[in-house]
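Residue numbers (UniProt numbering), protein chains in the order written: chain P, 1 to 308; chain L, 1 to 316; chain C, 1 to 448. Glycine is no exception: its CB is placed at the ideal position from the N, C-alpha and C atoms. Below: one structure, written as structure tokens.
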């Protein structure tokens, strides 16, 4: 489903698309229908099916039985689930600010017009985005090797003994590093684009006031791209909560540091594929979906209120 | 099946951001001449170079590693070349290994991208146009539903989707990869915003007055105006489809229908089978070959998507 | 409401119904009928004559040649050999196909440890009715025990086996004048000597591997799993397990095990440069060494597995798989013909030629097999050691009927012993508890 990069939870409110109620409604539905039909097939039907599944229990011995909301009660008391949620929350609180911070600084640097070779920077920092997550993780996995990888090389060259990036204490940071690498350029480009369209009149006003560079940034640039910042944050929440590819590929290298319930998404995957607990997996996924939506919505409300 | 997205954590985020900035488009923003040409700063350039290094070193590792043989990989350090330069040999071997199946995977991927990403863009354009230019009941609900669905972790939906597709006889066919690729919620949103801004209602009205059908109005009046947005959306759907991994993993069992990501993974897994042959050199070279077309597309289309991004700044 | 949207809602309803329909027939656990199938030799001959297409899911590389030969011998037959993933990946696919009751292959490769679950839920055809029980003397004890999968039936024919042996890097051993260990105590001593002499070198690598640990327990005489239909007992505290955890704990405490995960790029490097000096692993390993660690050709040798009691000859199986006939597959007579050809007939020689390690007594005992000199091992006739090991495997081991799941959580539980101060024995206890919990949830009667 590749393409389903989630649009921001209530994004439409952020930037209400101007709508002109022009035409007969059937034509509108007609244009929208192809999207809606495919969407129903690949999203709504599986979700509806999962809802149905979540009311049952299927066992190796004894087959399928209706259990009502038992799976939901179990999920809410499931330590593994909450632990995985805690882990991605920690990830969210550390990795996202770091990544967005770097992206913002680079975007401001590009926008300042004070860089040599601006377009080279812009495109090069953006490039990692084109690398598939699976390939990116494989690459970093090789580099994290303390014996033959880059870390090992650094140790050899400087006579150091760096800690193993794949040890249980560091592996979350190592995953964060991969994600940061993949998306810092992308976020940078978004912020940069937002900076580029700040109306000229604002700068002129600042000039009359004799504002310095820093003042221009804090008083004009940042407020002007608040919308972009808020949306980037919301999507990072959804992205962090759905973290899966990086831990699952790295698990092969760090089997003891990355457990099968490392992130909520990984947990539902393990439940479903290794444990044959499709019903419970569906339940956990639905609970997780609700939590994600609620948090994204709250952040959006707060962010926009302050912004307004 | 959001899995592919999952990794995309922040990527998803960013993607969506863009429409936001599309909003100020109507305001004027010619590059501020008043500030004059700011003086270039060596210090700032050096600092930014750190981020540049961070971005490029892993890619450098990939390029260097692609020049090594399987034995060379074992004996040399990661960030420097091994004695023998085997890049061409690796490329040839990648394309000929297992009767040249890599070429097949490459073509499959192209097929999935052309039909999947192309279709996704088309559906998004149609849908975005409808949302922006027509008033109809349920319009606002559409988006809320789309977003809610996307928040559910995709891995858990994989089995239900598989069972459904299997019942429809779609598994193990290209359709199992293509159909789910057709949905790009981000694309829909972007086109919604973009169509709202880029198509003046009067133009549509005028065409309708002339008696043009809705279909005709869309293709002849609206579509040309949407071009910059379309290029941007297709680039993103293309990256997403090109890098698609989890869904084909579930849906496709016949290696003849593998996309590149899955094929490379199977080569990687081969090292872990009794009697299997480790071909890490081919996995690395294959990975490099996999990302080259995407990077090339970004570089070649740079003018278009950057103009798409900055569309707002030109419009007065 | 406009016409279109009503139709649209109808469409969604339809799709949902479709999805629900999938559940209805997707309920698992009722794989097939209880009636024993019976297929005679004449049926098989008729099927061969009639021909048809067989879908075979297997990742074993030597089957390619076998399939080609089989097609040549029986011109009407087409064998569609599909690599649907290795091990676990393939089981996931197989489980999905079985749930959907569509696209199930006619023949599937399944490892011994994973057979229990399919056998229990009757998703594999019992081959007794095909005359497979008459083949019992053809296979060595370990793998034959494997295809019985803890039940009464015969759920596949053994394809390969992995009687364990000690692979060691002779160059490293010679360099530090270390004697090849014959007991695990000597092994521990060798580990210390080696690591002291060269802090970069380790006796072996281990980051926690369920397959390896269960094989080691098997050899040590531990029988942690007792299975009787749906009654299961799990106990990791018997005498055999204590022997194993005692020694391995010392290796862990003194950091004598390379923290490198098997099958990774680093692992292959370590095997090549002498920093991983031994492997206690199945007899299928030579092919992997020859293709993956070319630069160390001539350095490695094979020795019998070290013993817990000096002078004993205990061994165990490590890995290995069978070809099975999924209950929902088609064309059973033809499928059986292929499986028999590949695993008990002419195919065996072809596969041995291709580097596979057989499970058939005839091959294991044949002079041609035993006298094969391995250039990779400096001309050593390694098969003699493997064949002896195969004969010494105790055949009363059993896996859990849900071993695939149990193994998937091995690193979540026992894995702690490898990266923290948790003791191995405690890790095994945690694993035991988690396995008990899962078994109970799945409806088994689990006794601790």
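Contacts that residue i makes with chain L (C-beta to C-beta distance below 8 Å)
{"i": "residue 116(P)", "result": "40, 42 and 45"}
{"i": "residue 200(C)", "result": "Near residue 200(C) there are no residues of chain L at all, since even the closest Cβ is about 15 Å away, more than 8 Å."}
{"i": "residue 383(C)", "result": "By Cβ distance, chain L contributes nothing, its closest Cβ being about 15 Å from residue 383(C), past 8 Å."}
{"i": "residue 272(P)", "result": "155, 156, 158 and 159"}
{"i": "residue 84(C)", "result": "253"}
Closest residue to residue i among the options (Cα-Cα distance)
{"i": "residue 420(C)", "options": "391(C), 44(C), 358(C) and 253(C)", "result": "253(C)"}
{"i": "residue 437(C)", "options": "59(P), 119(P), 200(P) and 136(P)", "result": "59(P)"}
{"i": "residue 254(P)", "options": "231(P), 171(P) and 225(P)", "result": "171(P)"}
{"i": "residue 261(C)", "options": "175(P), 166(P) and 225(P)", "result": "166(P)"}
{"i": "residue 265(P)", "options": "256(P), 188(P), 252(P) and 239(P)", "result": "239(P)"}
{"i": "residue 44(P)", "options": "92(L), 152(L) and 56(L)", "result": "152(L)"}
{"i": "residue 102(P)", "options": "191(P), 164(P) and 234(P)", "result": "191(P)"}
{"i": "residue 415(C)", "options": "133(C), 207(C) and 222(C)", "result": "207(C)"}
{"i": "residue 235(L)", "options": "161(L), 121(L), 213(L) and 93(L)", "result": "121(L)"}
{"i": "residue 329(C)", "options": "228(C), 141(C) and 97(C)", "result": "97(C)"}
{"i": "residue 50(P)", "options": "61(P), 33(P), 34(P) and 72(P)", "result": "72(P)"}
{"i": "residue 233(P)", "options": "176(P), 92(P) and 252(P)", "result": "92(P)"}
{"i": "residue 232(L)", "options": "258(L), 260(L), 204(L) and 190(L)", "result": "190(L)"}
Beta-carbon proximity list for residue i, same chain, < 8 Å, skipping 5 on both sides
{"i": "residue 79(P)", "result": "none"}
{"i": "residue 21(C)", "result": "Low local confidence applies: a pLDDT of 43 at residue 21(C) is under 50, so the model's placement there is unreliable, with the coordinate-based value given in what follows. Hits under 8 Å: none found."}
{"i": "residue 37(C)", "result": "125, 126, 129, 130 and 332"}
{"i": "residue 112(P)", "result": "213"}
{"i": "residue 200(C)", "result": "275"}
{"i": "residue 439(C)", "result": "232, 234, 400, 402 and 446"}
{"i": "residue 29(C)", "result": "Confidence in residue 29(C) is poor, its pLDDT being 38 and thus under 50, which makes the residue's placement unreliable; the coordinate value appears in the next sentence. So the qualifying residues of the chain are 121."}
{"i": "residue 80(C)", "result": "53, 54, 55 and 56"}
Other residues of its chain near residue i: CB distance less than 6 Å, five sequence neighbours each side excluded
{"i": "residue 96(P)", "result": "236"}
{"i": "residue 59(C)", "result": "83 and 86"}
{"i": "residue 21(L)", "result": "The predicted position of residue 21(L) is uncertain, since its pLDDT is 36 and thus under 50; no value can be drawn from it."}
{"i": "residue 298(C)", "result": "378"}
{"i": "residue 243(L)", "result": "none"}
Local Cβ density within 10 Å of residue i, reported as buried at 16 or more and exposed below that
{"i": "residue 214(P)", "result": "exposed"}
{"i": "residue 290(L)", "result": "buried"}
{"i": "residue 105(L)", "result": "buried"}
{"i": "residue 157(P)", "result": "exposed"}
{"i": "residue 179(C)", "result": "exposed"}
{"i": "residue 34(L)", "result": "Bear in mind that the predicted position of residue 34(L) carries a pLDDT of just 43, short of 50, making it too unreliable to give a figure here."}
{"i": "residue 311(C)", "result": "exposed"}
{"i": "residue 365(C)", "result": "exposed"}
{"i": "residue 152(C)", "result": "exposed"}
Within chain P, partners of residue i - CB distance below 8 Å
{"i": "residue 295(C)", "result": "In chain order: nothing, as chain P lies at least about 14 Å away."}
{"i": "residue 166(L)", "result": "Those within 8 Å of residue 166(L) in chain P number zero; the least Cβ separation is about 12 Å."}
{"i": "residue 203(C)", "result": "Per Cβ cutoff of 8 Å: no residues; residue 203(C) is ~16 Å from chain P at best."}
{"i": "residue 220(L)", "result": "Those within 8 Å of residue 220(L) in chain P number zero; the least Cβ separation is about 15 Å."}
Per-residue contacts from residue i into chain C (C-beta, under 9 Å)
{"i": "residue 278(L)", "result": "263, 265, 268, 288, 291, 292 and 293"}
Proximal chain L residues relative to residue i, where beta-carbon distance stays under 7 Å
{"i": "residue 269(P)", "result": "155"}
{"i": "residue 292(P)", "result": "151"}
Within chain C, the residues that residue i reaches when beta carbons sit closer than 8 Å
{"i": "residue 335(L)", "result": "No answer is possible for residue 335(L): it lies beyond the span of chain L, which begins at 1 and ends at 316."}
Neighbour list for residue i in chain P, Cβ cutoff strictly below 7 Å
{"i": "residue 206(C)", "result": "Near residue 206(C) there are no residues of chain P at all, since even the closest Cβ is about 11 Å away, more than 7 Å."}
9 Å Cβ cut-off: residues of chain P touching residue i
{"i": "residue 55(L)", "result": "124, 125, 126, 127, 128, 181, 184 and 185"}
{"i": "residue 120(C)", "result": "60 and 61"}
{"i": "residue 117(C)", "result": "60 and 276"}
Neighbour list for residue i in chain C, Cβ cutoff strictly below 7 Å
{"i": "residue 71(L)", "result": "294 and 295"}
- Interfacial residues, the segment 49-63 of chain P to chain C, with Cβ spacing under 8 Å: 49, 52, 53, 58, 59, 60, 61, 62 and 63
- Message: Along the segment 87-105 of chain C, where does the CB come closer than 7 Å to a CB of chain L? Name the residues.
- Response: 93, 96, 99, 100, 102 and 103
- Query: Name the residues in the segment 426-448 of chain C whose C-beta lies less than 8 Å from a C-beta of chain P; which are they?
  - Reply: 438, 441, 442, 443 and 444
- Message: Tell me which residues of the segment 253-278 of chain L have at least one Cβ-Cβ distance to chain C shorter than 8 Å, keeping chain order.
- Response: 253, 254, 255, 266, 269, 270, 271, 272, 273, 274, 275, 276, 277 and 278
- Give, in chain order, every residue of the segment 37-49 of chain P whose Cβ lies closer than 8 Å to some Cβ of chain L. 38, 39, 41, 42, 43, 44, 45, 46, 47 and 49
- Listed from N- to C-terminal order along the chain, which residues in the segment 53-82 of chain C have their beta-carbon within a distance smaller than 8 Å of any beta-carbon of chain L? 57, 59, 60, 61, 62 and 82
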